[in-house]
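>
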Amino acid sequence: MDEKMKDSHSMSLRERIAKILIDKKLLTENDIKKAIELQKSKGGKLSDILVGMGLVSRQDLTVALSEELGFPPIDLSRYKIGADILKFIPAKTAKQYKIIPISKMGNLLTVAMSDPLNVFVIDDLKSITGCDIGPVISNEKDINDAIYEYYDASTHEAIEKIVGDMEVQEGEISILEEKADAGLDQQELLKLIQDAPVVKITNLLLAEGVKLRASDILIEPLENDLRVRYRIDGVLVEGRRPPKKLHHALISRLKVISDLNIAEMRLPQDGRFKIKIHNREIDFRISILPSNMGEKAAMRILDKSQAMLDIDTLGFEEQPLNDIKKMSERPHGMILICGPTGCGKTTTLYSILKHVDTPELNIITVEDPVEYQLQGISQVAVRHEIGLTFASSLRSILRQDPDVIMIGEIRDFETVDIAIKSALTGHLVLSTLHTTTACGSIIRLVNMGVEPFLIISSILLVGAQRLVRKICPDCKQIVEISAEISDKLNIKSKGKFRAYKGQGCKSCQNTGYKGRIGLIETLVLTPAIRNLILEKAQEHVITEAARKEGMKTLRENGIEKVVNGATTIEEVLRVTVGDQEIGV
Numbered sequence: 001m002d003e004k005m006k007d008s009h010s011m012s013l014r015e016r017i018a019k020i021l022i023d024k025k026l027l028t029e030n031d032i033k034k035a036i037e038l039q040k041s042k043g044g045k046l047s048d049i050l051v052g053m054g055l056v057s058r059q060d061l062t063v064a065l066s067e068e069l070g071f072p073p074i075d076l077s078r079y080k081i082g083a084d085i086l087k088f089i090p091a092k093t094a095k096q097y098k099i100i101p102i103s104k105m106g107n108l109l110t111v112a113m114s115d116p117l118n119v120f121v122i123d124d125l126k127s128i129t130g131c132d133i134g135p136v137i138s139n140e141k142d143i144n145d146a147i148y149e150y151y152d153a154s155t156h157e158a159i160e161k162i163v164g165d166m167e168v169q170e171g172e173i174s175i176l177e178e179k180a181d182a183g184l185d186q187q188e189l190l191k192l193i194q195d196a197p198v199v200k201i202t203n204l205l206l207a208e209g210v211k212l213r214a215s216d217i218l219i220e221p222l223e224n225d226l227r228v229r230y231r232i233d234g235v236l237v238e239g240r241r242p243p244k245k246l247h248h249a250l251i252s253r254l255k256v257i258s259d260l261n262i263a264e265m266r267l268p269q270d271g272r273f274k275i276k277i278h279n280r281e282i283d284f285r286i287s288i289l290p291s292n293m294g295e296k297a298a299m300r301i302l303d304k305s306q307a308m309l310d311i312d313t314l315g316f317e318e319q320p321l322n323d324i325k326k327m328s329e330r331p332h333g334m335i336l337i338c339g340p341t342g343c344g345k346t347t348t349l350y351s352i353l354k355h356v357d358t359p360e361l362n363i364i365t366v367e368d369p370v371e372y373q374l375q376g377i378s379q380v381a382v383r384h385e386i387g388l389t390f391a392s393s394l395r396s397i398l399r400q401d402p403d404v405i406m407i408g409e410i411r412d413f414e415t416v417d418i419a420i421k422s423a424l425t426g427h428l429v430l431s432t433l434h435t436t437t438a439c440g441s442i443i444r445l446v447n448m449g450v451e452p453f454l455i456i457s458s459i460l461l462v463g464a465q466r467l468v469r470k471i472c473p474d475c476k477q478i479v480e481i482s483a484e485i486s487d488k489l490n491i492k493s494k495g496k497f498r499a500y501k502g503q504g505c506k507s508c509q510n511t512g513y514k515g516r517i518g519l520i521e522t523l524v525l526t527p528a529i530r531n532l533i534l535e536k537a538q539e540h541v542i543t544e545a546a547r548k549e550g551m552k553t554l555r556e557n558g559i560e561k562v563v564n565g566a567t568t569i570e571e572v573l574r575v576t577v578g579d580q581e582i583g584v
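In the numbering used here, the protein residues as written are 1 to 584.
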């Protein structure tokens with residue numbers, strides 16, 4: 001017994017917590033080893049890695065830590081903390097130490113901490129508050145969410161306050177709207193939109209988009225209202241609606257920071273701008289579109305810190321991932337990635353570029369626009385207004401003696417003709433195409449006028465991609481799927497199948513999903529596939545032959561994600577069609 005206690009005390013805190021999780025059968029030793037290996041290669045906290053891999057929930061980790069250290073755990077989402085308690089600890093201190101006060105009884109201030117053993121923090125809190133500190137344990141993410149909720153004014157409240165302060169200026173804003181419609185002088189309009197309230201509301205809307213991990217922000221004028229929506233994990237979520245009277249001022253403010261023409265309200269305009277939030281530089285790409293209700297703004301958020309440009313972290317299954325890696329290492333030929341807008345095609349191409357990038361290669365891209373700036377790679381932005389198109393750029397690029405060329409998108413025969421000729425003359429060419437399936441891309445190229453013999457001579461691989469939402473790791477729970485549904489989806493299981501879903505929590509805005517992961521099907525042009533292309537076979541015939549040679553469809557890749565616990569059946573069904581429906 002004494003020997004066991006000695007062994008227990010000789011273990012590190014991490015080892016002791018791991019042992020508790022293994023004893024509770026929440027983890028296996030193999031799970032711990034995988035997480036530690038990932039931590040060594042990627043860095044970060046082991047707890048975050050375990051949760052990110054979906055091996056354990058944050059709640060289970062908190063309970064294990066509580067049992068080991070003897071501090072009571074607390075679920076912050078169940079507490080409503082009053083302003084009279086928050087005043088004991090300043091916001092700056094709470095953010096610095098990752099703590100939040102919960103309650104006060106007599107001279108004892110109860111404080112939620114992720115590390116209740118940090119005596120330096122407890123001593124500092126005693127001197128700041130003049131109270132005895134009673135630590136309770138909570139996970140760091142819940143504490144950060146509580147700090148944001150209680151200390152940082154939400155966008156809704158901030159906009160309400162600004163609009164309330166503006167009531168005395170209501171006439172001035174109305175004048176701005178009326179004059180803008182009548183053709184307000186550019187200098188006068190510029191002066192008005194630099195007023196503090198408009199600047200603050202614009203900044204709040206942009207900051208809220210970044211905090212929500214949104215990919216897009218839409219500002220849309222309605223008949224009697226102004227709607228703001230954020231695209232989070234591919235789904236639009238409505239935000240706080242600013243007053244309609246601020247429409248012209250907000251759009252004009254966005255034009256100013258994007259260096260667009262604020263006096264032009266009849267034609268579409270495109271631009272970009274950059275902001276800095278919490279020492280992170282965030283790029284925004286903006287499109288202004290005149291509509292019957294007024295100008296609509298759509299902004300794409302390009303957060304470099306959130307970009308996954310490592311092909312191994314995109315979430316692809318082993319078979320398509322190996323196909324992409326193998327074909328991208330060829331000296332010449334063409335790789336096409338297809339799919340609808342916003343499915344991650346460009347991110348996949350960037351990841352392939354990073355995979356093949358070496359100092360010995362001359363890599364050049366031509367894009368519309370350049371989304372992420374890649375170190376050591378020459379990137380050309382298309383500018384149609386001055387005649388710098390994909391086709392004209394490619395002609396000049398070929399004189400630069402490139403080894404690898406990335407074309408942002410193939411839109412017409414002229415571009416695809418130059419791209420295929422480049423692939424045939426010793427260059428590795430990467431590009432995207434707007435089709436729904438990998439085999440459908442072959443038919444699309446034929447319809448664009450490309451001869452089948454050129455397709456089979458130049459194309460190495462075609463990939464069709466989608467993005468599905470990942471189950472939130474903080475509220476992940478097991479659900480049972482009936483044998484009937486398992487059989488219908490071709491899931492090999494005996495009887496009921498155990499899958500996962502998100503219950504919905506504060507971390508995922510009660511959606512049950514957080515983040516996205518890639519699905520991809522890859523068509524490699526084998527001799528059998530080449531013969532079918534030469535014969536101008538229909539899409540379903542090529543698909544059937546490719547599946548016989550080992551190609552897994554988007555639906556099949558999605559079902560594997562369901563079996564692995566990464567996403568839900570509903571998500572896979574939402575973004576893919578049944579294999580029997582392909583080509584019909």
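We put the beta carbon where it would ideally sit given N, CA and C, even for glycine. Quick caveat, the model's predicted, so the values are computed rather than measured.
Going by other Cβ atoms of all chains shown within 10 Å of its Cβ, with 16 needed for buried, is Pro72 buried or exposed?
Position 72 of the sequence shown, counted from the start, is the residue given in the question as residue 72. With fewer than 16 Cβ atoms within 10 Å of its Cβ, Pro72 is classed as exposed.
> Quick check on the DSSP output: the alpha helix (DSSP H) that includes Lys354 runs from which residue to which?
The residue given as residue 354 occupies position 354 in the sequence shown. Lys345 to Val356 is the span of the alpha helix (DSSP H), which, as asked, contains Lys354.
> Rounded to whole angstroms, how far is the Cβ of Ser351 from the Cβ of Leu309, which I believe are closer than 8 Å?
Counting from one through the sequence shown, the residue named residue 351 turns up at place 351. Counting from one through the sequence shown, the residue named residue 309 turns up at place 309. With 8 Å as the limit, Ser351 and Leu309 qualify as a contact, their Cβ atoms being about 5 Å apart.
> Do the segment 315-327 and the segment 553-572 meet, that is, are 3 or more Cβ pairs less than 8 Å apart?
Output reads yes: the segment 553-572 touches the segment 315-327.
> Looking at Leu428 and Ile459, is the spacing between their C-beta atoms short of 9 Å?
Position 459 of the sequence shown, counting from 1, holds the residue named residue 459. Position 428 of the sequence shown, counting from 1, holds the residue named residue 428. Against a cut-off of 9 Å, the Cβ pair of Leu428 and Ile459 comes out as no contact.
> Tell me, please, which residues DSSP counts as bridged to Leu236.
The residue you call residue 236 lines up with position 236 of the sequence shown. Paired residue(s): Arg231.
> So, is Ser328 buried or exposed, given that buried needs 16 or more other C-beta atoms within 10 angstroms?
One-based indexing of the sequence shown puts residue 328 at position 328. Looking at its Cβ environment, which holds 16 or more other Cβ atoms inside 10 Å, Ser328 is buried.
> What are the complete alpha helix (DSSP H) segments, minimum 4 residues, inside the segment 259-316?
Those alpha helix (DSSP H) runs which fall completely within the segment 259-316 and span 4+ residues do not exist here.
> Just tell me which of Gln373, Arg266 and Leu205 has its CA closest to the CA of Leu228.
Counting from one through the sequence shown, the residue named residue 228 turns up at place 228. The residue asked about is misnamed: residue 228 is Val in this sequence, not Leu. If we check each option's Cα against that of Val228, Leu205 comes out closest.
> Since Lys536 and Val462 should fall inside the 8 Å C-beta cutoff, what is the C-beta to C-beta distance between them, to a whole number of angstroms?
If you number the sequence shown from 1, residue 536 lands on position 536. If you number the sequence shown from 1, residue 462 lands on position 462. Not quite, the Cβ-Cβ distance comes to about 16 Å (not below 8 Å), so this is no contact.
> So which of Phe273, Ala249 and Asp216 has the shortest CA-CA distance to Asp233?
Along the sequence shown, read from residue 1 onward, the residue named residue 233 stands at position 233. Selected option, being the one with the closest Cα: Asp216.
> Can you tell me which of Val51, Ile20 and Asp23 puts its alpha carbon nearest to the alpha carbon of Lys34?
Counting from 1 along the sequence shown, the entry for residue 34 is found at position 34. Selected option, being the one with the closest Cα: Val51.
> Report the CB separation of Lys506 from Asp145 in whole angstroms; it is logged as a contact under 8 Å.
Translated into the one-based positions of the sequence shown, residue 506 becomes position 506. Translated into the one-based positions of the sequence shown, residue 145 becomes position 145. Contact flag correct, Cβ pair sits at about 6 Å.
> If you measure between the beta carbons of Gly70 and Pro473, is that distance less than 9 Å?
For the purposes of this step, residue 70 is taken as the residue at position 70 of the sequence shown. For the purposes of this step, residue 473 is taken as the residue at position 473 of the sequence shown. Against a cut-off of 9 Å, the Cβ pair of Pro473 and Gly70 comes out as no contact.
> In three-state DSSP terms, what is Ile377?
On the sequence shown, residue 377 is found 377 positions in, with the first residue counted as 1. Three-state result, Ile377: coil.
> Restricting to runs no shorter than 3 residues, where is the beta strand (DSSP E) found entirely within the segment 463-519?
With a minimum length of 3 residues, the continuous beta strand (DSSP E) runs that stay inside the segment 463-519 are 476-481 and 497-502.
> Taking the beta carbon of Asn30 as the centre, do at least 16 other beta carbons fall within 10 Å, making it buried, or is it exposed?
By 1-based counting over the sequence shown, the position of residue 30 is 30. When all chains shown are included, Asn30 counts as exposed.
> Identify whether Thr409 lies in helix, strand or coil by the three-state DSSP scheme.
Looking up residue 409 in the sequence shown gives position 409. Reading the sequence as shown, one finds Glu at residue 409 and not Thr. Reduced to three states, the DSSP call for Glu409 is coil.
> When DSSP builds the beta bridges, which residues end up paired with Met113?
Counting from one through the sequence shown, the residue named residue 113 turns up at place 113. Ile99 and Ile137.
> Cβ atoms of Ile364 and Ser431: under 9 Å apart, would you say?
Residue 431 sits at position 431 when you count from the first residue of the sequence shown. Residue 364 sits at position 364 when you count from the first residue of the sequence shown. Going by C-beta atoms, Ser431 is not nearer than 9 Å to Ile364.
> Which value, in whole angstroms, describes the spacing of the CA atoms of Cys475 and Arg498?
By 1-based counting over the sequence shown, the position of residue 475 is 475. By 1-based counting over the sequence shown, the position of residue 498 is 498. Computed Cα separation, rounded: 16 Å.
> How long is the line joining the alpha carbons of Tyr372 and Asn490, rounded to whole angstroms?
Numbered from its first residue, the sequence shown carries residue 372 at position 372. Numbered from its first residue, the sequence shown carries residue 490 at position 490. Their backbone Cα atoms lie some 39 Å apart in a straight line.
> Taking only three categories from DSSP, how would you classify Thr522?
Counted from its first residue, the sequence shown places residue 522 at position 522. Residue state, collapsed to three classes: strand.
> For Ile529, count neighbouring C-beta atoms within 10 Å of its own C-beta (all shown protein chains included) and say buried if the count is 16 or more, exposed if not.
Locating residue 529 in the sequence shown gives position 529, where the first residue counts as 1. By the neighbour-count rule (16 or more Cβ atoms within 10 Å), Ile529 is buried.
> For the alpha helix (DSSP H) containing Met551, list its first residue and its last residue.
Locating residue 551 in the sequence shown gives position 551, counting from the first residue. Note, Met551: premise wrong, no alpha helix (DSSP H); not H, not E.
> So Lys244 and Leu226 are supposed to be a Cβ contact under 8 Å. How far apart are they, rounded?
Working through the sequence shown from its first residue, we reach residue 244 at position 244. Working through the sequence shown from its first residue, we reach residue 226 at position 226. Sure, about 5 Å apart at Cβ, within 8 Å.
> State whether the segment 331-346 contacts the segment 435-452, with contact taken as three or more CB pairs (one from each stretch) at a distance under 8 Å.
Flag = yes, the segment 331-346 and the segment 435-452 touch.
> Using C-beta distances below 8 Å, list every residue in its chain close to Ile397, excluding the 5 sequence neighbours before and after it, in chain order.
The residue labelled residue 397 in the question sits at position 397 within the sequence shown. Contacts found: Ile364, Val366, Val380 and Ile405.
> Give the C-beta separation of Gly518 and Gln465 to the nearest angstrom, bearing in mind that I take them to be a contact with Cβ-Cβ under 8 Å.
In the sequence shown, residue 518 corresponds to position 518, counting from 1. In the sequence shown, residue 465 corresponds to position 465, counting from 1. Yes, they are in contact, since the Cβ atoms of Gly518 and Gln465 sit about 6 Å apart, within 8 Å.
> What span of residues does the alpha helix (DSSP H) with Leu573 cover, start to end?
Position 573 of the sequence shown, counted from the start, is the residue given in the question as residue 573. First-last of the alpha helix (DSSP H) with Leu573: Ile569 to Val575.
> Specify the secondary structure class of Ala18 as computed by DSSP and reduced to three states.
Taking the sequence shown and counting its residues from 1, one reaches residue 18 at position 18. Ala18: helix per DSSP, three-state reduction.
> Between the beta-carbon of Pro268 and the beta-carbon of Ser252, is there less than 9 Å?
The residue you call residue 268 lines up with position 268 of the sequence shown. The residue you call residue 252 lines up with position 252 of the sequence shown. Cβ atoms of Pro268 and Ser252: not closer than 9 Å.
> Taking the CB atoms as reference points, tell me whether Ile122 and Ile100 lie closer together than 9 Å.
Taking the first residue of the sequence shown as 1, we reach residue 122 at position 122. Taking the first residue of the sequence shown as 1, we reach residue 100 at position 100. Cβ atoms of Ile122 and Ile100: not closer than 9 Å.
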